[in-house]
Amino acid sequence: MTNEAPPEKAEDPAEPPVRKRAVQLIGSPLPRVRQVILGVIPILILCLLYAYYSHQRHVENPMDRLMPGLDQLTEGLKEITTPNKRTDEVWLWVDTKASLLRLFKGMGAGLGIAISLGLLMGIFSHVRAIFAPLMTALAKVPPLALLPIIFIFLGVDESSKIVLIALGIAPTLTNDIALAGRGVPQSAVVKAYTLGASTTEVAFKVIFPQILPRILDSIRLTIGPAWIFLIASEAISADSGLGYRIYVVQRQLAMNVILPYVLWIALLGVVMDYIIAGISRWGFPWAHDRGGH
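Note that my numbering has the sequence shown beginning at 842, numbered continuously upward.
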């Protein structure tokens, strides 16, 4: 008995060829043009919806101020970008300068605390055992709940706003950096010690460079909360700043000023985010091999 291979099935000439479906891997980067188009679509939809409902409100009430039309927004932009008749100051630039100065000081102080303490917690078990419970508890406290306490102890001057931002971002950022430090492969640490590296060299030449991309990503995530703390503190006690101006003009229902200010804050936040992301891509391309932002 011979083992014969079964006859191959003859292809039906009438049967259409089966086309293989192209599969895009999860997490694979999109072409740049497609990214831009997809990113613009939601913004365009929001603008169209706003334009539609604003038009509807002005049809019913031409003097409506809650959803200003293009003419009202243009008037508001002119008001905030030209010198004020009484003070001869350009509101937008004066407020932007004051807010950014407070924001950078507060974020700088918070980052200094978080990087120093987070790195120590990620490297040394004793430091982690001492500070981890405290940082975890502080991270769960809403920073705005601390605002009255900060005002009582520090007053209502600039230092209180800076401290609020620093305390608002430091605990969560510290925990994230500590987790990143603990996530560095132990084999890399052992190899460094085997080659004669000291603990300081292991910390700053082995662990710190590996977690820097994670730190930059964490900083990007703190931009939004830092703005919230800044706007809240300026609304309560300030004589300049983006948050101060928004809360002053809201008494007159000046939405044609409030909306440009809100959009300006959003633009500043996006620019800050893109700058940090660009630094991360430029300095650590290996951390963005899968098309990270």
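Glycine included, C-beta positions come from ideal geometry on N, C-alpha and C.
Could you check where the alpha helix (DSSP H) with residue i kicks off and where it finishes?
{"i": "Leu-951", "result": "In the sequence as presented, Leu is not what sits at residue 951; that position holds Gly. Note, Gly-951: alpha helix (DSSP H), 932-964."}
{"i": "Pro-1126", "result": "Here Pro-1126 belongs to no alpha helix (DSSP H), and DSSP marks it neither H nor E."}
{"i": "Leu-889", "result": "873-901"}
{"i": "Ala-1076", "result": "1049-1077"}
{"i": "Lys-926", "result": "From DSSP, Lys-926 is part of no alpha helix (DSSP H); its letter is neither H nor E."}
{"i": "Ile-993", "result": "988-995"}
{"i": "Pro-1012", "result": "999-1023"}
{"i": "Arg-1086", "result": "1083-1090"}
{"i": "Lys-1032", "result": "1027-1035"}
Going by the CB atoms, is the gap between residue j and residue i shorter than 9 Å?
{"i": "Phe-1070", "j": "Ile-1006", "result": "yes"}
{"i": "Ile-1018", "j": "Gly-959", "result": "yes"}
{"i": "Gly-1082", "j": "Ile-1010", "result": "no"}
{"i": "Ile-1060", "j": "Leu-1014", "result": "yes"}
{"i": "Ile-1052", "j": "Gly-1119", "result": "no"}
{"i": "Ile-1064", "j": "Gly-1110", "result": "yes"}
{"i": "Asp-936", "j": "Tyr-1034", "result": "no"}
{"i": "Ile-867", "j": "Lys-946", "result": "no"}
{"i": "Ser-1121", "j": "Pro-1054", "result": "yes"}
{"i": "Ala-1079", "j": "Ala-939", "result": "yes"}
{"i": "Pro-872", "j": "Ser-895", "result": "no"}
{"i": "Glu-930", "j": "Val-1098", "result": "no"}
{"i": "Gly-1102", "j": "Leu-911", "result": "Checking the sequence, you will find Tyr at residue 1102 rather than Gly. No."}
{"i": "Leu-1057", "j": "Phe-1125", "result": "yes"}
Output needed for residue i: all residues of its chain with C-beta closer than 8 Å, excluding positions within five of it in sequence on either side, in chain order.
{"i": "Leu-944", "result": "Ile-1006, Ala-1067, Trp-1068 and Leu-1071"}
{"i": "Ile-954", "result": "Ala-1007, Ala-1011 and Thr-1015"}
Return no unless some Cβ of chain C is closer than 9 Å to the Cβ of residue i.
{"i": "Ala-1029", "result": "In the structure shown, chain C cannot be found, because there is only a single protein chain."}
Here's a check: name, in chain order, each residue in its chain whose Cβ is nearer than 6 Å to the Cβ of residue i, leaving out the five neighbours to either side.
{"i": "Pro-1012", "result": "Met-976, Leu-979 and Ala-980"}
{"i": "Ala-1073", "result": "Leu-985"}
{"i": "Arg-1092", "result": "none"}
{"i": "Ile-1087", "result": "Ile-1099 and Tyr-1102"}
{"i": "Trp-1127", "result": "none"}
Near residue i, which residues of its chain fall below 7 Å by C-beta distance, leaving aside the five closest residues on each side in sequence?
{"i": "Ile-991", "result": "Ser-1001, Val-1004 and Leu-1005"}
{"i": "Asp-1114", "result": "Arg-1061 and Ile-1064"}
{"i": "Ala-1043", "result": "Looking at the sequence itself, residue 1043 is Val, so the reference to Ala does not match. The answer, listed in chain order, is Val-1030, Ala-1033 and Tyr-1034."}
{"i": "Val-900", "result": "none"}
{"i": "Val-968", "result": "Leu-961 and Met-962"}
Can you round the beta-carbon distance between residue i and residue j to whole angstroms, since I take them to be within the 8 Å contact cut?
{"i": "Gly-917", "j": "Ala-1076", "result": "At roughly 19 Å, the Cβ-Cβ gap does not stay under 8 Å, so Gly-917 and Ala-1076 are not in contact."}
{"i": "Leu-914", "j": "Leu-1100", "result": "7 Å"}
{"i": "Leu-907", "j": "Arg-898", "result": "7 Å"}
Would you check whether the ligand NAP has a heavy atom nearer than 8 Å to the C-beta of residue i?
{"i": "Gln-876", "result": "The model depicted lacks the ligand NAP and carries no ligand whatsoever."}
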